[in-house]
Each structure stands twice: as structure tokens, then as C-alpha cells.
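Asker: I am attaching a structure below and will ask some questions about it afterwards.
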Amino acid sequence: GDGFGLGTLRYVPEESKDKVISDEDVLGTLLKVFQALFLNDFNKQSEILTVLPESVKSKYEDLLAVEHQGVKLLENRHQQQSTFKPEEILYKTLGFSVAQATSSLISAGKGVFVTKGFVPKGAVVSMYPGTVYQKYEPIFFQSIGNPFIFRCLDGVLIDGNNKGISKVVYRSCNGRDRLGPLKMSDSTWLTSEIHNPLAVGQYVNNCSNDRAANVCYQEFDVPAVFPIELKQYLPNIAYRYDKQSPLRCVVLVALRDIRQGEELFSNYYTIVS
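Number 101 in the UniProt record's numbering belongs to position 101 of the sequence shown; there are no gaps in the numbering.
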């Protein structure tokens, strides 16, 4: 390999580099889901709302009002505590939910399934979480025997392991990048209480001879216009804080319609060095 002594590395071969959907479509989906998650959690976001500009604050209050049409918001503020689970929000927003469960492949361990609804072809169905390393950055210890490292086309690596040193590194970067009450990324994918229900892409298994790929990986750089209050749902973080380069994310896109109960299979290559 790259002389890294990487145990295993997932990567997408050059010939599959064409994007299935546009960056605008990816952005549109993420904003839709994250905004719905934010509104669902609105009562708990009060600290964040205090630092947001008035225009942003009123935008969410208007959206909430629309969502609860005919309901007097003030008296309902307290009863509104019955918030939905993140996967229910995903289902309400995109018409499907996904979750990890034991893979249907023997010996594959975990896998990711469509647990409810229907995934149309071209939909963003998952995100690949983890610490993002530029080519020149050290990833030695995190990478020994780590099956959760994804290599982007330009050599950027994403470490989606939720254990050991990988976990410690992600958490410390997550703490470092806070702006007051604003979190710049989501670390809940490291726990059993996931805030962003899409952040399970690292558990998607490779396709096999009898299981064709139904999703593919697509790289996405988070644009500068991304709303700061929604960054708390991005399951990626740069190893080195760098204002210059945008945050790299990898999303999984459906290659065909996928029905409830189906397991997701992706088209990556695994190199074992």
C-alpha cells in the first residue's frame, strides 16, 4: 500500500468516480434532514438559538408554526416535549429510515438495512462518519487492523472506526472545534444514541458475487454556505483544523429503488496489505 502498513482500506476505483447525483442534490437532502432534526430538537437548542442572528431564529420559528398549523404555539411549548426519535424524523422527511443490524451475510458482522419505507434511486441513504485526514497527515496508530478506513479519490482518508484511538481522536477534535455553544460536528455516531440517523455508512458491507451493490459512495465537500446551526449533525471532522479547505464528507447514494427490509451493499474495493 502507501507504506502506511494499513490493515484494510476501502476505496472506490477511479472508473466509478462519476457522481450519480449532483452536489446540489446532496446538499438539499442534508439540509432537509438536518433542519427537520433541528426543529424536532428545538426546545433543547435554546442555548444555540441565543447566538444565532434574529433572521435565522425567526426562520425556525416560522417553520415550526407551519408544522403545527392551527395549534397555539405558546401553550403547546411545554407539551411539545414528545419529540420524535431521529430515525422517525428521517422517515417523515425522506420517506425511509435506515439502521444497523446483523448482516444477512454470514460472518460479515453488522450491516445496514432499510428498516421502514422505500428508498428511491438517487436518494442519499447514508453518510460515512469519521475523522478526515489529508494525505500528508499521520494515521498510523488509528489504522492498524482498522477495517473502517475509507480512501477518497484524492487520497484523503476517513477513519470511521468508533473504538480505540480512532474514537479518542474524533472526540478531541470535536471538542476543539466548538464555537461557544455551537458544535461544528456530531460525535453521537460514536454512541448508541445517534442524533444523525444517516451516520451509519461505515457498517455498509461490500457487495459479493450473489449480492449486487445497491448503493455507491460519493464524495461531497461541505460548502461555505452551510448553515452553522446545522453543523452539529455532520458526522465528520478534520484531523487538523483548517479554515481554508472545506470539510470532506462521503455519502452513499441508492443505485436503484431499495425496499423495506433490504440490506445495503456498496461497491468498494478492500485492500488488505
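Glycine included, each C-beta is placed from N, C-alpha and C at the ideal position.
What separation, rounded to the nearest whole angstrom, lies between the Cα atoms of V156 and H68?
Answerer: If you take the alpha carbons of V156 and H68, they lie about 43 Å apart.
Asker: So what does DSSP say about N174, is it helix, strand or coil?
Answerer: DSSP places N174 in helix when its eight states are reduced to three.
Asker: Have a look at E61, L234, G28 and flag the residue whose alpha-carbon is nearest the alpha-carbon of N43.
Answerer: Here the closest residue by C-alpha is E61.
Asker: Relative to the C-alpha of D242, which residue among D177, I228, Q142 is closest?
Answerer: Comparing Cα positions, the closest option is D177.
Asker: With distances taken between CB atoms, is the gap from V114 to S97 smaller than 9 Å?
Answerer: Cβ atoms of V114 and S97: closer than 9 Å.
Asker: Please classify P53: is it buried, with 16 or more other beta-carbons within 10 angstroms of its beta-carbon, or exposed?
Answerer: The residue is exposed, with fewer than 16 neighbouring Cβ atoms inside 10 Å.
Asker: Do V225 and S126 have their CB atoms nearer than 9 Å?
Answerer: Not in contact: V225 and S126 (Cβ atoms no closer than 9 Å).
Asker: Assuming G122 contacts V253 (C-beta within less than 8 Å), just tell me the rounded distance between them.
Answerer: Contact flag correct, Cβ pair sits at about 6 Å.
Asker: Output needed for V33: all residues of its chain with C-beta closer than 6 Å, excluding positions within five of it in sequence on either side, in chain order.
Answerer: Only T93 meet the Cβ criterion.
Asker: Is it buried or exposed for D18, if we count other Cβ within 10 angstroms and need 16 for buried?
Answerer: Classification of D18: exposed, given that the 10 Å Cβ count is below 16.
Asker: Given that a residue counts as buried once 16 or more other Cβ atoms are within 10 Å of its Cβ, and exposed if not, what is V168?
Answerer: Result: exposed.
Asker: Enumerate in chain order the residues of its own chain whose CB-to-CB distance from N205 is below 7 Å, with the five nearest sequence positions on each side excluded.
Answerer: Excluding positions up to five away in sequence, the list reads S103, L105, A108, G111, F265.
Asker: For the alpha helix (DSSP H) containing L39, list its first residue and its last residue.
Answerer: 23 to 40 is the span of the alpha helix (DSSP H), which, as asked, contains L39.
Asker: Cβ of Y133 within 9 Å of Cβ of D159?
Answerer: Yes, the Cβ-Cβ distance between Y133 and D159 is below 9 Å.
Asker: S143 to I149, Cα distance in whole Å?
Answerer: Distance between the alpha carbons of S143 and I149: 7 Å.
Asker: Taking a contact to mean a Cβ-Cβ separation below 9 Å, would you say K231 touches S172 in this structure?
Answerer: Going by C-beta atoms, K231 is not nearer than 9 Å to S172.
Asker: Note the first and the last residue of the continuous alpha helix (DSSP H) segment covering A65.
Answerer: First-last of the alpha helix (DSSP H) with A65: 54 to 67.
Asker: If you reduce the DSSP assignment to three classes, tell me which class residue 290 lands in.
Answerer: Shown here, the chain extends from 1 to 273; a query on residue 290 therefore has no answer.
Asker: To the nearest whole angstrom, what separates the beta carbons of P86 and N196, a pair I think is in contact under 8 Å?
Answerer: Yes, they are in contact, since the Cβ atoms of P86 and N196 sit about 7 Å apart, within 8 Å.
Asker: Please say whether N174 and N161 have beta carbons closer to each other than 9 Å?
Answerer: No, these two residues do not count as a Cβ contact at 9 Å.
Asker: If you run the structure through DSSP and keep just helix, strand and coil, what is F4?
Answerer: Model confidence at F4 stands at a pLDDT of 47, short of 50, so the residue's coordinates are unreliable; what they give is reported in the following sentence. Note: F4 maps to coil in three-state DSSP.
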